[in-house]
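Heads up, the thing below is written out as structure tokens.
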Amino acid sequence: MRTKVAIIGAGPAGLLLGQLLHTYGIDNIILERQTADYVLGRIRAGVLEDGTVSLLDEVGAGERAHREGLVHHGVEIAFGGVRHRIDMHAATGRTLMIYGQTEVTRDLMSARAAAGLTTVYQAADVKPHDFDSDTPRVSYAKDGITHEIACDFIAGCDGFHGVSRASVPESSIRTFERVYPFGWLGILSETPPVSPELIYTNHERGFSLCTMRSTHRSRYYLQCSLDDDIGQWPDDRFWDELKRRLDPRAVEHLVTGPSIEKSIAPLRSFVAEPMRFGRMFLAGDAAHIVPPTGAKGLNLAASDVHYLSQALREFYAEKSAAGIDAYSATALARVWKAVRFSWWMTSMLHKFPDTGEFGARIQLAELDYLVSSNAAMTSLSENYVGLPF
Ligand code: RFL
Ligand code: PHB
5 MRTKVAIIGA GPAGLLLGQL LHTYGIDNII LERQTADYVL GRIRAGVLED
55 GTVSLLDEVG AGERAHREGL VHHGVEIAFG GVRHRIDMHA ATGRTLMIYG
105 QTEVTRDLMS ARAAAGLTTV YQAADVKPHD FDSDTPRVSY AKDGITHEIA
155 CDFIAGCDGF HGVSRASVPE SSIRTFERVY PFGWLGILSE TPPVSPELIY
205 TNHERGFSLC TMRSTHRSRY YLQCSLDDDI GQWPDDRFWD ELKRRLDPRA
255 VEHLVTGPSI EKSIAPLRSF VAEPMRFGRM FLAGDAAHIV PPTGAKGLNL
305 AASDVHYLSQ ALREFYAEKS AAGIDAYSAT ALARVWKAVR FSWWMTSMLH
355 KFPDTGEFGA RIQLAELDYL VSSNAAMTSL SENYVGLPF
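According to the numbering used here, the residues represented by the sequence shown are 5 to 393, in order.
Below, the structure written as structure tokens:
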């Protein structure tokens with residue numbers, strides 16, 4: 005088999021890259037370790053920047069997002085039992101869209117199927133080879149038979165635990181990491197959201213977030229211990245703890261119900277540099293991880309593949325390597341700003357076991373400053389709606 009770009013991973017990064025390349029007439033094959041249903045079963049991101057929505061539009065996969073997605077103009081930050089609204093639209097002229105990662109993935113999978121592009125699901129033992137030469141290859145096994153794809157380029161879109169980054173010799177890569185001493189326990193429930201906009205709460209018992217997937221489906225998160233497991237969190241305990249962390253008006257409006265999904269995610273900041281190794285590129289979570297507090301992970305995957313698809317378009321259409329040579333530096337400049345923003349939001353909103361009362365007072369001072377300064381609210385808004393790309 006031969007293709008121009010072999011893409012490893014059918015998450016949002018790989019699927020969106022595949023469609024962008026297809027739009028530019030660049031053929032590609034995706035190799036995915038899991039089944040399509042497994043990929044769709046992962047409940048993750050919920051907030052799309054308008055730049056991400058524009059990319060979905062560009063590949064003809066944005067129609068349902070515009071129909072079913074919820075447009076948000078602001079966000080609420082609560083501390084000391086009081087909620088404060090930040091009007092991001094007033095600050096930036098831009099909005100955000102609530103539309104789940106599952107739905108984004110489903111729409112991209114449908115677009116890919118409609119375009120007749122090849123995706124190999126349940127591809128085992130995927131390995132990139134010879135990406136330091138002009139003739140890279142990717143091998144994989146399917147139903148016990150080994151196959152090989154010859155290609156011009158490899159795109160490693162295989163997430164944090166993927167094989168692409170792991171295939172790079174240690175001496176060629178530098179990594180930067182912060183692991184946070186807590187996790188997020190999330191539940192999804194078929195209940196109306198407690199409030200029309202997201203509520204991020206700093207509380208002495210720990211952070212909480214009220215978010216949603218639609219007008220009848222809610223998503224709630226609680227900061228939890230890394231030692232916690234799902235079994236310790238029956239629904240009643242979750243709702244009780246959430247109520248303890250919310251402001252009184254939110255408690256009054258909270259509608260509880262059985263959870264339809266429950267999971268714990270650890271929080272981490274991670275960046276690998278560079279994002280290009282000869283003819284292999286990394287994009288999305290394969291290259292970087294942010295804690296979910298800034299809602300940036302999926303949106304960064306989208307901006308990475310935007311830069312990468314433009315670079316590859318230039319390579320094929322204009323016979324210029326300038327774009328691929330600049331890819332890593334261009335993508336990383338935006339990545340680090342989102343890493344900084346996500347770290348800042350995480351630092352300001354969570355209870356840190358090791359910073360004591362001093363740390364807690366500093367957080368409250370920062371939050372108080374944030375909601376009383378137009379400059380500070382504008383800065384948060386600019387980052388939250390997404391820096392330009
Ligand atoms: P993914 O989604 O992990 O997809 C990678 C794909 O590669 C496959 N794969 C392999 N395939 C072949 N061979 C191998 N050896 C392979 N190894 C792995 C995997 O099966 C998978 O299908 O990475 P991608 O595409 O880069 O997308 C990144 C996003 O998924 C991620 O950044 C976001 O979900 C992060 N995130 C959020 N991002 C936002 O922008 N807004 C949010 O509101 C938001 N909330 C969140 C989040 C992530 C969370 N968790 C659980 C980590 C909330 C949570 C709780
Ligand atoms: C979500 O809707 O799952 C979500 C929203 C905002 C975040 C993280 C997750 O910061």
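Backbone N, C-alpha and C define an ideal beta-carbon position, used for all residues, glycine too.
Query                                                                                                                                     : Result
Contact test: residue 302 Cβ vs ligand 1 heavy atom, cutoff 7 angstroms                                                                   : yes
Paired residues, beta bridge with residue 193 - DSSP                                                                                      : 222, 263
Reduced DSSP secondary structure (H/G/I, E/B, other) of residue 56                                                                        : helix
Whole-angstrom C-beta distance between residue 37 and residue 128, which should lie under 8 angstroms                                     : 7 angstroms
Burial state of residue 180 (16 or more Cβ within 10 Å)                                                                                   : exposed
Chain-order list of residues whose beta-carbon lies under 6 angstroms from that of residue 315 (same chain, five-residue window excluded) : 327, 328, 331
Check: residue 234 C-beta below 7 angstroms from any heavy atom of ligand 1                                                               : no
Selection from 365, 289, 294, 115 that minimises the alpha carbon distance to residue 309                                                 : 289
Neighbourhood of residue 164 by C-beta, 6 angstroms cutoff - its chain only, sequence neighbours within 5 removed                         : 289, 293
Whether residue 90 touches residue 102 by CB criterion (8 angstroms)                                                                      : no
Start and end residues, beta strand (DSSP E) containing residue 78                                                                        : 78-83
Through-space distance from residue 25 to residue 203, alpha-carbon basis                                                                 : 37 angstroms
Euclidean distance between Cα positions of residue 366 and residue 121                                                                    : 53 angstroms
Residue range of the unbroken beta strand (DSSP E) whose run includes residue 32                                                          : 32-35
Rounded Cβ spacing between residue 149 and residue 142 (contact assumed at less than 8 angstroms)                                         : The pair is not a contact, with the Cβ atoms about 15 angstroms apart (cut-off 8 angstroms).
Proximity test, residue 38 beta-carbon vs ligand 1 heavy atom, cut-off 7 angstroms                                                        : yes
Rounded straight-line distance, which links the Cα of residue 280 to that of residue 287                                                  : 9 angstroms
8 angstroms Cβ shell around residue 96 - same chain, five flanking residues per side excluded                                             : 382, 385, 386, 389
Bridge-paired residues (DSSP) for residue 340                                                                                             : Answer by DSSP bridge pairing: none, since residue 340 is not bridged.
Heavy atom of ligand 1 within 7 angstroms of residue 33 beta-carbon                                                                       : no
Option in 363, 341, 305 with minimal Cα separation from residue 21                                                                        : 305
Any residue whose CB is nearer than 5 angstroms to a heavy atom belonging to ligand 2, listed in chain order                              : 50, 51, 215, 223, 296, 299
C-alpha gap between residue 346 and residue 300, whole angstroms                                                                          : 7 angstroms
Boundaries (first-last residue) of the alpha helix (DSSP H) holding residue 300                                                           : No alpha helix (DSSP H) holds residue 300; DSSP gives it neither H nor E.
C-alpha gap between residue 58 and residue 333, whole angstroms                                                                           : 23 angstroms
Between the CA atoms of residue 65 and residue 112 - distance to the nearest angstrom                                                     : 6 angstroms
Reference residue 34, options 53, 7, 41, closest by Cα                                                                                    : 7
Proximity of residue 166 and residue 104 at Cβ, strictly below 8 angstroms                                                                : no
Complete beta strand (DSSP E) runs within the region 64-126 (minimum length 3 residues, chain order)                                      : 74-76, 78-83, 86-91, 100-102, 122-124
Near ligand 1: residue 188 beta-carbon under 7 angstroms from a heavy atom                                                                : yes
Distance CB(residue 169)-CB(residue 276) smaller than 8 angstroms                                                                         : yes
For residue 175, the three-state DSSP class (helix, strand or coil)                                                                       : helix
Three or more C-beta pairs below 8 angstroms linking the region 242-254 and the region 185-202                                            : yes
At least three beta-carbon pairs within less than 8 angstroms, the region 209-223 to the region 248-258                                   : yes
Residue environment, residue 18, which counts as buried when at least 16 other CB atoms sit within 10 Å                                   : buried
Start-to-end residues for the beta strand (DSSP E) that takes in residue 16                                                               : Element bounds for residue 16: not the beta strand (DSSP E) but the alpha helix (DSSP H), 16-27.
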